[in-house]
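Just so we're aligned: 96 in UniProt numbering is position 96 of the sequence shown, and the numbers increase by one with no gaps anywhere.
Comments concern the structure below.
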Amino acid sequence: MKQVLGILKSGHQVASGIAEDNPYEQGTIEMQLPFFHALGLDLSKFYLGTLNIDIAPHRFQVVQPQYTFHNVKWHPDYPTEDFSFSPCQIIFKNITYGGFVYYPHPETKIGHFQDSSIIEVIAPKISEIDYGARIAIALKPSEIQIQ
């Protein structure tokens, strides 16, 4: 795995469902979980939201992720989306947490786009972490490339 340093940033907060203007009845991760599970990826042990890690000035590119799911119809009122996932590790305060890079493909996404330096990660709940925290993320270079 290759490590890159980043800063935890606030996201759109629709993944967790805490955004005041959330267009969905729940957080998107909670709504998507059963579909990912049915397709072979169990994310039930993780926090129902994402960590948004800004690796600027670097950018990332998803090249050959472990999981890619096409045409996921996770909401009855919205078009299907494609998602990719790659195992990763978050290192915070010298503790390593396993997780997955969560990559909703921008070409099928309907809104809430991320900057190309923001990596979204689904991970366990990490106590004492807050926006602005410096964290490291370890990625598989064969699956996600850092530029």
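Built from N, CA and C at the ideal position, the CB exists for glycine as well.
This one's a predicted model, so the numbers in the text were calculated from it and none came from an experiment.
Over the uninterrupted alpha helix (DSSP H) stretch that includes residue i, give me the two end residues.
i	result
P34	28 to 38
Starting from residue i and walking both ways along the beta strand (DSSP E), at which residues does that stretch end?
i	result
K2	2 to 9
Q66	Note, Q66: premise wrong, no beta strand (DSSP E); not H, not E.
Bridge partners of residue i, per DSSP?
i	result
W134	Residue identity check: residue 134 is Arg in the sequence provided, not Trp. R134 pairs with I7.
Q89	G98, A138
E81	V72
If we ignore side chains and look at the alpha-carbon of each, how far apart do residue i and residue j end up?
i	j	result
K2	E120	17 angstroms
A56	P104	20 angstroms
I137	I95	12 angstroms
T68	F83	6 angstroms
Q61	I146	7 angstroms
I144	W74	25 angstroms
D54	S116	9 angstroms
Between the options, which lies nearest to residue i when the distance is taken from Cα to Cα?
i	options	result
H43	I53, N52, M31	Per the sequence shown, the amino acid found at residue 43 is Leu instead of His. Cα-wise, what sits closest to L43 is M31.
A133	D115, L51, A123	L51
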